[in-house]
Amino acid sequence: MLCWGNASFGQLGLGGIDEEIVLEPRKSDFFLNKRVRDVGCGLRHTVFVLDDGTVYTCGCNDLGQLGHEKARKRPEHVGALDAQNIVAVSCGEAHTLALNDKGQVYAWGLATDGQLGLPGTEESIRVPRNIKSLSEIQIVQVACGYYHSLALSKGSEVFSWGQNKYGQLGLGYEYKKQTSPQMIKSLLGIPFAQIAAGGAHSFVLTLSGAIFGWGRNKFGQLGLNDDNDRYVPTLLKSLRSQKVVHICCGEDHTAALTKEGGVFTFGAGGYGQLGHNSTSHEINPRKVFELMGSVVTQITCGRQHTTAFVPSSGRIYSFGLGGNGQLGTGTTSNRKSPFTVKGNWIPYSTQCPMSTDSEECYCVKRIFSGGDQSFAHYFYPQNMVPPDDFRYPDLLKQIWTVNEMFIQRLLSFPSGRLPVEIANEIDGTFSSAGCLNGSFLALSNDDHYKTSTRFSGVDMNAARLLFHKLIQPEYTHISQQVAASLEKNLIPKLTSSLPDVEALRLYLTLPECPLMSDENNFTTLAIPFGAAILNLEKAPLKVLENWWSLLEPPLFLKIVELYKDVVVHLLKLCKMGLPPSDRRILTNFLHTAFRVLEILHRVPLPSGPVNHWDSGFQSDVMMAIGYFLGTQSDPLGILGVPVGFLVWLVGFFAFFFFLPLCNLSPRKIGDLVLVSGCMAVDQAHRQNLSSLFLPVFESVNPCLILMVRRDNIVGDAVEVLRKTKNVDYKKPLKVIFVGEEAVDAGGVRKEFFLLIMRELLDPKYGMFRYYEESRLIWFSDKTFEDSDLFHLIGVVCGLAIYNFTIVDLHFPLALYKKLLNKKPSLDDLKELMPDVGRGMQQLLDYPEDDIEEAFCLNFTITVENFGTTEIKELVPKGADIPVVKQNRQDFVDAYVDYIFNRSVASLYSAFHEGFHKVCGGKVLQLFQPSELQAMVIGNTNYDWKELEKNTEYKGEYWADHPTIKIFWEVFHELSLEKKKQFLLFLTGSDRIPILGMKCLKLVIQPTGGGEDYLPVAHTCFNLLDLPKYTDKETLKSKLIQAIDHYEGFSLV
């Protein structure tokens, strides 16, 4: 051991030497042939731990900090710790903490501020005592400030005690001191790699390089760009991306070591202890320039000096205060930049040097600093061992994590009872959010150091592999232990507010555990875990959604499948005739599972939305809902399930996830419609019931009635809907044409939608502009029509969705984006105005710098206004701003914004308000724009065989009737365009319902008149009058003639 610095109290352990200051490294004979494991340095005392776990101390003992009453100038054995195998120590100004191999902490020395964590009122404790309040917790690291102490547990919990004058305990303002260890709850869930303490400030370092600091900050030693003290842990954002792996503290300064071997320092610099060739204080971390050409692997801090070790040269560098010789440079001068410590240093090599004076050469194993003293544990060249590297963790000082080594150790024990220490490790690991958040890190290329709101730092494939290795049928004793820990200790303690993104990782990885997918654990693990997801505050939930969106689809679908399975399992349980109390509990569970699926559905995946709602899942849910509806005549009392939930359930699937209603019987469909509006219907019934006792009370219709005249359909609709209350829009729509007796069983409603949309889109109103190239329409900013008509179109579109009717609207996808509060983009401009969109793309792709000369554009747009051209500025003073390379994206964005937003703001606002009156609310946000578009106008996923299969026949027609057989032969031989024309001819639209062909039912009936007549379509009912043709060619000719001459909706 080499030592240098202040020796006035014997703290170097050199015995009765004359000097009070040792200016350069000097060998300590005491440590000859002894291996040192750790050294702790107080202000005037030193503690040494040998490899065999014994403890020696020397220096000042005025306050009992040596733990014995023997001589002070040379290291003396602390006999009170003979029964312990001590592995680590740390010293404050005048107190000491020692950690044994069982994770227990011993303390002695000054106790006036509670820094020993021991009960009692003694000013000092002169013999080591166990901190019993930590005896049930396995501690892996301890750190001492001048008058406070920190401890890190195996479960990634941080404890603090002692003085809190500057907030150095991280517990807030309430306490001046704490005499017993207190958990810092604000840090729960973060996986920690290290703790460190300075004079009156504290730090924790996470496994992925995030640093939290608190306490005194007078000189900027927290690195937070100010000098305000912090009473709670605060993230040091500026070092987050630097891959910090080790941190150490002086009295008022801090040093951080990165994975690449760089050193950052900040805080007090009055003696040059920051190494920046100045005596300025630094309130932000700053890299030590003169060490940038070297890879540093060890750093330590004394009171007001810093040391660094560079293995490539074998040299130790020091800087800062040198008045007590603590720099080892041979003088008492201060050093403002790194200076080599005197000594015959040689780098580590696997081959022994051949020089004859090799005995006087030193190969450094590890450096230590504290107070005004420094130490270097070394080996002679012939006995070389590799030097310690602080960039790589000491496994004995790390928190529990799930890794290959952990699993192999668990599986090495035979089935049956596990040893107590192994069972405790399993319980500790799976009870700790911090431990699970530190597991399965993306180690390739150190990717986990890039953890952010956009990247989790987790290797999901590793998580899946390791979980499946651990949870196996032949190791049920392990699975049971893991399940119990998750159920009782982990999930119930998950909180809504998280201290850092690293505390979110388990929300990604835990669904990969096979225990979560075991239906026996659905109610004990999956549902409580889902509730924890729902309980997250907005900010962490947004981060989790970001992470989900970046997963590979199979990994993302894992959690989707989990909660789909949970839903199906719970719905099956609902059928078992459970007591009302159990049914209510299951209802709450179902609500939780559905809400998790709701969140998952809105996750934007790069590859586009994943179809979570496969037919099997839809069938299971619909079967269960159908069962509910069939059990009682009163749907408002279904199985004791609260009506609000059932409405939500049916609405969630039937109306917003496009369940195949056509698979149900007509009675069930009617029941579903009844339930979908049962809240509004129930309210109406209750009001009508009240009117029996209060005659002045007006009765309420359970349906939304639209009574219109054919010759004034728009005016009548505007008038009725203007008077309609918002709640009535949710009721089933019934349409009555004045003077007609037809009962609206769906056909009249469809006729209404077709007629009113044809009328509203008529060019005579000038409400929309038609784009020839794309054949799409968009709001016209030149219309003179009142906004009421735009409001009406919005309401009609909403009612069409709510009543499962396709409306033939030729709007671009941008409309549906805007309805979902998503911004239109250049792609939308390309869809609406392909020529303009192509031009914009060419502008963005233009490789040269002469854009202004080549395109001659400024921030204006030219529009036609009743035969004249008009120039509109896209931004203030846009005519004076040329489009150049640097602002071309801004120009394109402004152009898109003008077309889709600014130019039609008032018109679209009226449409938006009308639409959201009917379909507004939280559930609408579950849609993707393309899905909402498909709900309004249908889709083009044609399956013509399915169409034939679902067709019904009337009269003497049946599937094998000769006319029907030749009809389908002719139909299947038609081109795609002709088939689409046929759909338009028969149904009023060439698109099909969102649920697919299986939900498009055609009806064919025979008609008299002979083969000279054309087929006739009853569009409202999808009914085809087909004469009894006997010849294939005649049928083909008449059918094509009928569909070719179809010009729009007409009634027969």
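Residue 22 in UniProt numbering sits at position 22 of the sequence shown, and the numbers go up by one each step.
Built from N, CA and C at the ideal position, the CB exists for glycine as well.
A quick note: this is a predicted structure, and the numbers were derived from the prediction, not measured.
Query, Result
"Stretch pair the region 241 to 257 + the region 390 to 403: three plus CB contacts closer than 8 Å", "yes"
"ASP682 versus ASN726 - alpha carbon distance", "Reliability of the predicted coordinates at ASP682 is poor, the pLDDT of 45 falling under 50, and the value obtained from them is presented with this limitation in mind. Approximately 16 Å between the Cα atoms of the pair."
"Distance between SER497 and LEU536 (C-alpha atoms, nearest Å)", "6 Å"
"Of the listed residues VAL560, HIS1045, ALA463 and TRP778, nearest to PRO763 (C-alpha basis)", "TRP778"
"Contact under 8 Å by Cβ, GLY199 with GLY145", "yes"
"Sequence-distant residues of its chain with Cβ nearer than 6 Å to LEU799 (five each side left out)", "LEU733 and VAL918"
"Same chain only: Cβ atoms within 8 Å of THR1034, ignoring 5 sequence neighbours per side", "GLU1011"
"Three-state secondary structure (DSSP) of CYS1020", "helix"
"Inter-stretch contact at 8 Å, needing at least 3 Cβ pairs: the region 312 to 330 / the region 362 to 374", "yes"
"ASN100 - partner residues in DSSP beta bridges", "ILE86"
"Close-in-space but distant-in-sequence residues of the same chain around SER825 (CB under 7 Å, 5 per side omitted)", "VAL896"
"Local conformation of MET1 per DSSP, three classes", "coil"
"Contacting residues, own chain, Cβ-Cβ under 6 Å from LEU857 (five flanking each side not counted)", "VAL883"
"Residue range of the unbroken alpha helix (DSSP H) whose run includes LEU1014", "First-last for LEU1014: undefined, no H or E at that position."
"CA-to-CA distance, LYS450 to SER208, given in whole angstroms", "8 Å"
"Segment limits, beta strand (DSSP E) that includes ASN858", "No beta strand (DSSP E) holds ASN858; DSSP gives it neither H nor E."
"ASP808 vs SER930 beta-carbon contact at 8 Å", "no"
"Given LEU820 as reference, the closest of HIS916, LEU874, ASN941 and PHE967 once Cα atoms are compared", "HIS916"
"Neighbourhood of TYR271 by C-beta, 6 Å cutoff - its chain only, sequence neighbours within 5 removed", "GLN304, GLY320, LEU321 and ASN334"
"Simplified DSSP state of TRP968, which is helix, strand or coil", "helix"
"Residues near ALA423 by beta carbon distance below 7 Å, same chain, minus five either side", "GLN481"
"Candidates PRO554, ASN277 and HIS95, of which the one nearest VAL288 by Cα", "ASN277"
"Nearest-angstrom Cα separation, counted from THR306 out to PRO347", "21 Å"
"Rounded C-alpha distance that separates GLU561 from VAL596", "11 Å"
"Ranges of the beta strand (DSSP E) found wholly within the region 751 to 791, counting only runs of at least 3", "768 to 771 and 776 to 779"
"8 Å CB neighbourhood of GLY434 in its chain, flanking five on each side removed", "GLY155, SER156, GLU157, LEU188, GLY189, ILE190, PRO191, PHE192, ILE399 and ALA503"
"Cβ contact (3+ pairs, closer than 8 Å) linking the region 218 to 231 and the region 167 to 176", "yes"
"Residues that ILE211 bridges to, as DSSP identifies them", "LEU205"
"Nearest candidate by alpha-carbon position, reference GLY955, set LYS259, SER909, PRO1027 and TRP968", "PRO1027"
"C-alpha gap between LEU573 and GLY715, whole angstroms", "52 Å"
"Residues that DSSP places opposite PHE737 in a beta bridge", "VAL708"
"Test item: CB-CB of GLU240 and THR265 under 8 Å", "For clarity, residue 240 is Arg in the given sequence; the question names Glu instead. Cβ atoms of ARG240 and THR265: not closer than 8 Å."
"Cβ shell of ASP459 (< 6 Å), same chain only, five flanking positions each side left out", "PHE440 and ALA442"
"CA-to-CA distance, PHE529 to ILE491, given in whole angstroms", "6 Å"
"Heavy atom of the ligand NAP within 7 Å of PHE891 beta-carbon", "What this structure holds is no ligand at all, so the ligand NAP is not there to describe."
"Ranges of the beta strand (DSSP E) found wholly within the UniProt repeat \"RCC1\" (209 to 260), counting only runs of at least 3", "211 to 215, 230 to 235, 244 to 249 and 253 to 258"
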